[in-house]
Amino acid sequence: LPAFKSLLEYRTRHFRQSIGIVYYPDAQFPAYAGRPFLLRNDAARQELQYDMEIKLTDRMDLSFRTAHNRAERIADHPRWLDRQVITGDWKTRDSIIRLSFIRYDRHLVTVDDLPVESAPTTGQAVVMQQTGGNRASFRMPTNDRYRTRLFARYRITARWQNQLTCVYDLEHGSNFRRNGVIIDNRFLYRHKTHRLSFGIKTWHTQNAIYDYSPDDDNSLPYSHYLNKNLNLYAAFSTTFRYGDLSLRAEQELHRDRRTRIYTGFTLSF
2 LPAFKSLLEY
12 RTRHFRQSIG
22 IVYYPDAQFP
32 AYAGRPFLLR
42 NDAARQELQY
52 DMEIKLTDRM
62 DLSFRTAHNR
72 AERIADHPRW
82 LDRQVITGDW
92 KTRDSIIRLS
102 FIRYDRHLVT
112 VDDLPVESAP
122 TTGQAVVMQQ
132 TGGNRASFRM
142 PTNDRYRTRL
152 FARYRITARW
162 QNQLTCVYDL
172 EHGSNFRRNG
182 VIIDNRFLYR
192 HKTHRLSFGI
202 KTWHTQNAIY
212 DYSPDDDNSL
222 PYSHYLNKNL
232 NLYAAFSTTF
242 RYGDLSLRAE
252 QELHRDRRTR
262 IYTGFTLSF
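For the sequence shown, the working numbering assigns the number 2 to the initial residue and increments by one for each residue that follows.
Next comes the structure, spelled out in structure tokens:
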């Protein structure tokens, strides 16, 4: 069969559900192609997706999302890798509170799920790389991982907002001190095409934690956290007629006390 992606959606005023199928049999993606899967970025896979959203009141929404991904050649990996997310939203004119409960298969993030003794000890947010073709050892008796994520944003003025993100990652059922915690508090400023954010972030984890933060107002929504650290950071971005410019700086207050600066520049014609 050729590669295809199909989505069927049913929507009413207070209810929406969709079911999708993605099939990509080729061994690799073209260099210019996007990634059709939610759970994996490698090719030669198939994926099933189901989303449901219910509007309980004018201010409260409830959603459930599940996705199942498997290698095209069943002999390579016969088991489906899956992820489920239950999210509740409370929205007002000036604020939003979002609480998510997530269950996922550890093999979805095996590269990033290395124990500290097998990983660098700089205490920084890093992208882990798997070496030697060996998978890391795990202390959980099953492949399940559980995560609770709290996101809150409050509008202080027309241009200023305060945002808080808290993540608790359950990986060790019998030793809660070895589970992961992330706390990120920031202030946001928006004026026309200019955006400014600054804040403080702290984390403590025995294993590297991979967290996707689509609500975050910055150019680095994918974050990897290892060991423990305390960071100050600031970011600025602006959009102009032919592109955009972004700048981000981070200062470690623990361990190596490193300073990092990220820049980005895009031209559009």
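Beta carbons are placed, not taken as given, at the ideal position from N, Cα and C, and that holds for glycine.
Grouping DSSP H, G and I as helix and E and B as strand, with all else coil, what is V127? Locating residue 127 in the sequence shown gives position 126, where the first residue counts as 1. Confidence in V127 is poor, its pLDDT being 33 and thus under 50, which makes the residue's placement unreliable; the coordinate value appears in the next sentence. V127: coil per DSSP, three-state reduction.
Where M53 and R156 are concerned, what is the direct C-alpha to C-alpha distance, given to the nearest angstrom? Within the sequence shown, numbered from 1, the residue matching residue 53 stands at position 52. Within the sequence shown, numbered from 1, the residue matching residue 156 stands at position 155. Rounded to the nearest angstrom, the two C-alpha atoms are 28 Å apart.
For Y169, which residues does DSSP report across the bridge? For the purposes of this step, residue 169 is taken as the residue at position 168 of the sequence shown. DSSP, once it has assigned bridges, lists T149 and V182 as partnering Y169.
C-alpha distance - T149 paired with P31, whole-angstrom precision: Here residue 149 corresponds to residue number 148 of the sequence shown, with the count starting at 1. Here residue 31 corresponds to residue number 30 of the sequence shown, with the count starting at 1. Between T149 and P31, the C-alpha separation is close to 36 Å.
I'd like to know whether the C-beta atoms of L233 and L246 end up nearer to each other than 8 Å. Counting from 1 along the sequence shown, the entry for residue 233 is found at position 232. Counting from 1 along the sequence shown, the entry for residue 246 is found at position 245. Cβ distance not < 8 Å, so L233 and L246 don't count as in contact.
Along the chain, where does the beta strand (DSSP E) that runs through Q18 open and close? Here the question's residue 18 lines up with position 17 in the sequence shown. Note, Q18: beta strand (DSSP E), F16 to Y25.
Alpha carbons only, please: which of S64, S238 and T88 is nearest the one belonging to S19? Stepping through the sequence shown from its first residue, residue 19 is reached at position 18. For the residues S64, S238 and T88, the minimum Cα distance to S19 belongs to S64.
Are the CB atoms of T194 and T240 within a distance shorter than 8 Å? Working through the sequence shown from its first residue, we reach residue 240 at position 239. Working through the sequence shown from its first residue, we reach residue 194 at position 193. Yes, Cβ-Cβ distance for T240 and T194 is below 8 Å.
Let me check one thing: in DSSP terms, what residues is E48 bridge-paired to? Here residue 48 corresponds to residue number 47 of the sequence shown, with the count starting at 1. BP columns for E48 point to V23 and N70.
Using the beta-carbon count (16 or more within 10 Å), is G265 buried or exposed? As a first step, residue 265 must be located in the sequence shown, where it is residue number 264. With fewer than 16 other Cβ atoms within 10 Å, it is exposed.
Under 7 Å Cβ to Cβ from S269, same chain only, skipping five residues before and after it: list those, please. Working through the sequence shown from its first residue, we reach residue 269 at position 268. Counting only Cβ-Cβ distances below 7 Å, and skipping sequence neighbours, we find Y243 and G244.
Rounding to the nearest angstrom, what Cα-Cα distance links Q85 and N180 in this structure? As a position in the sequence shown, residue 85 is number 84, starting the count at 1. As a position in the sequence shown, residue 180 is number 179, starting the count at 1. The straight-line gap from Cα to Cα measures roughly 20 Å.
Beta-carbon separation of D145 and R80 under 8 Å? By 1-based counting over the sequence shown, the position of residue 145 is 144. By 1-based counting over the sequence shown, the position of residue 80 is 79. Contact flag unset, no.
Which partner residues of K229 appear in the DSSP bridge assignment? Here residue 229 refers to the residue found at position 228 when the sequence shown is read from its first residue. BP columns for K229 point to H205.
Do you know how far the Cα of K229 is from the Cα of T166? By 1-based counting over the sequence shown, the position of residue 166 is 165. By 1-based counting over the sequence shown, the position of residue 229 is 228. Each residue's alpha carbon lies about 17 Å from the other.
I believe T206 touches D170 by the beta-carbon criterion, under 8 Å. Please report the beta-carbon distance rounded to the nearest angstrom. Position 205 of the sequence shown, counted from the start, is the residue given in the question as residue 206. Position 169 of the sequence shown, counted from the start, is the residue given in the question as residue 170. Confirmed, about 7 Å.
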